[in-house]
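Engineer: Residues in the sequence shown are numbered from 50 upward in steps of one, following my numbering.
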Amino acid sequence: TCVDVDTKKIEALTKGEIPIYEPGLDNLVAQNVKNGRLHFTSDLTQVVNDVEVVFLAVGTPQGEDGSADLKYVLQVAQTIGQSMENYVLVVTKSTVPVGTSEKVRKAIKDELAKRGKEIEFDVASNPEFLKEGSAISDFVRPDRVVVGTDSEKAKAIMTTLYKPMLLNNFRVIFMDIASAEMAKYAANAMLATRISFMNEIAGICECVGADIDSVRTAIGSDSRIGSKFLYAGCGYGGSCFPKDVRALIKTAQKCECKSEILEAVENVNGRQKHILFEKFKNFYSGEIKNKRVAIWGLSFKPGTDDMREAPSVTIIRELVVRGARIKAYDPKAVEAAQAYYFKDTPNMEYFSSKYEVLKGADALLLITEWKEFRSPDFEEIFKLLKRPFIFDGRNQYDRDKMSHLGFEYHQVGAEPF
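(1) How many angstroms separate the CA atom of Leu-415 from the CA atom of Glu-160?
(2) DSSP three-state label for Gly-65, please.
(3) Using CA coordinates, which residue listed in Asp-447, Gly-462 and Val-461 is at the minimum distance from Gly-455?
(4) Let's see if you can read the secondary structure: which residues bound the alpha helix (DSSP H) around Arg-243?
(5) Distance, Cα to Cα, Ala-235 vs Asn-331?
(6) Start and end of the beta strand (DSSP E) containing Phe-104?
(7) In whole angstroms, give me the CA-to-CA distance for Ala-205 and Phe-223.
(8) Report back the beta-carbon spacing between Lys-420 and Pro-360 to the nearest angstrom; my notes put them in contact at under 8 Å.
(9) Would you check if the distance between the CB atom of Val-189 and the CB atom of Tyr-211 is smaller than 8 Å?
(10) Residues in its own chain within less than 7 Å of Val-107 by CB, not counting five upstream and five downstream?
(11) According to DSSP, simplified to helix, strand and coil, what is Phe-466?
(12) In its own chain, which residues sit with a C-beta less than 7 Å from the C-beta of Pro-437, not counting the 5 before and 5 after it?
(13) What residue range is occupied by the uninterrupted beta strand (DSSP E) comprising Met-397?
(14) With a cut-off of 8 Å, do at least 3 Cβ pairs link the stretch 257 to 268 to the stretch 154 to 174?
(15) Which residues bound the beta strand (DSSP E) around Tyr-378?
(16) Taking the alpha carbon of Arg-243 as the reference point, which residue from Glu-315, Val-153, Leu-62 and Lys-152 has its own alpha carbon closest?
(17) Between Phe-466 and Arg-320, what straight-line distance do the alpha-carbon atoms span, to the nearest angstrom?
(18) What separation, rounded to the nearest whole angstrom, lies between the Cα atoms of Arg-423 and Glu-429?
(19) Three or more beta-carbon pairs under 8 Å between the stretch 126 to 136 and the stretch 80 to 94, yes or no?
(20) Between the stretch 139 to 154 and the stretch 169 to 180, do at least 3 Cβ pairs fall closer than 8 Å?
(21) Got a sec, what are the start and stop residues for the beta strand (DSSP E) Val-137 sits in?
(22) Can you tell me where the beta strand (DSSP E) with Phe-440 in it begins and where it stops?
(23) Since I believe Ile-344 is in contact with Lys-381 (beta carbons under 8 Å), could you give me their beta-carbon distance rounded to a whole number of angstroms?
(24) Could you check how far apart the C-beta atoms of Ala-373 and Val-342 are, in whole angstroms? I think they sit under 8 Å.
(25) Distance check for Val-140 and Glu-464, CA to CA, integer angstroms please.
(26) Mind checking Tyr-389: buried by the 16 CB within 10 Å criterion, or exposed?
(27) Exposed or buried, what is Phe-219 when buried is set at 16 or more other beta-carbons lying within 10 Å of its beta-carbon?
(28) Might you give, ordered along the chain, the residues of its own chain that have their beta carbon closer than 8 Å to the beta carbon of Glu-230, omitting 5 neighbours on each side?
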């Protein structure tokens, strides 16, 4: 049973309407609703005494000071304490700072004490490592499942829960709760670090005349390093990396620990989101007013409609402030852009085709590396653009080929400003 206080969301889900875009999720939900395995409600108290496990998967938005806001997590914990009558295992699935599970435990105990009740319960941590755009396959075939617990009963329940899906290779790693909570932040911080490291190396490459793609191929071939998350570009975004890096920095500050690498990762990424705009602006010597700019990609990554902290938001806002006229296309994120991120933004149009958006544009900015952008019809692009200028924020294309086709082609980490 899925519970959410947003009654409109629950009503929509009951009708089979999925509030986010995630490949395969609509069919999975519809199939399990039809077979009676999946239910929705807006009242946790109706179901808490009919279940053995409650997963806390609520949002943990960034607070004003950069730390994770735990109010929704603790609200659910309080509701459980106010209504539970039987044993329940409460599992934090949300990305939460170290120590949150103990706060959840205390919130439940406090509510039980107010009721004069002593009811057994356990708390565990089971951070999710799903990637937007491939969440279902990541869940069914995970690299690992991390579970933090201090109870043999809770460990047995979590083993029973996951074992049917992982019979051939039981990839559940049990550990203490604090370590499980830390593992999620450490994983995201490491991946963010690799991205920012490569973006910093890309900047140096531009200064010395090196090609970041050649450098990436060379170092990625080292088995100690590997090739994943070594792509230079216009910065990372999304709901996880930016928020989690900041939250981990805040955790370190509260403990009076230094977090110099993490702070540098955050600073480099913030700077990197301006790189594509700076290339475009400098190409035109700052004269970009009324320039028509075609945008390919609005979401923070392919395979999702999520625009949280997306580089496109930074780039487009800078262009608009300086008088550029935006023509935007994204396979999935246009609705989010119109409804929230660029609501009432002047001089911004949306198009339903990657080619239609190019007509009469002074340049193309590729921001999100959707698959449909990988091998486009370059002759068609050349004909549609007013000027054959491409600013590639994801280094998708071969520079020599683009030059041969007559494009003025700009990448990240392969040329000076």
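Every residue gets a Cβ at the ideal spot worked out from N, C-alpha and C, and that includes glycine.
Predicted model, so just to flag it, every value in this text is computed and none were measured.
Structural biologist: The answer reads as follows:
(1) 52 Å
(2) coil
(3) Asp-447
(4) 226 to 257
(5) 37 Å
(6) 102 to 105
(7) 11 Å
(8) No, Lys-420 and Pro-360 are not in contact; Cβ-Cβ is about 18 Å, not under 8 Å.
(9) no
(10) Tyr-121, Val-122, Val-125 and Ser-143
(11) Summary for Phe-466: the model assigns pLDDT 43, below 50, so the residue's position carries little reliability, and this model does not support an answer.
(12) Phe-431, Gly-455, Phe-456 and Glu-457
(13) 397 to 399
(14) no
(15) 374 to 378
(16) Glu-315
(17) Legend: pLDDT at Phe-466 = 43, less than 50; position of this residue unreliable, no value from coordinates given.
(18) 14 Å
(19) yes
(20) yes
(21) 137 to 141
(22) 438 to 441
(23) Not really, about 14 Å apart at Cβ, beyond 8 Å.
(24) 5 Å
(25) 49 Å
(26) exposed
(27) exposed
(28) Thr-141, Val-145, Pro-146, Val-147, Gly-148, Thr-149, Ser-150, Ser-174, Pro-176 and Gly-197
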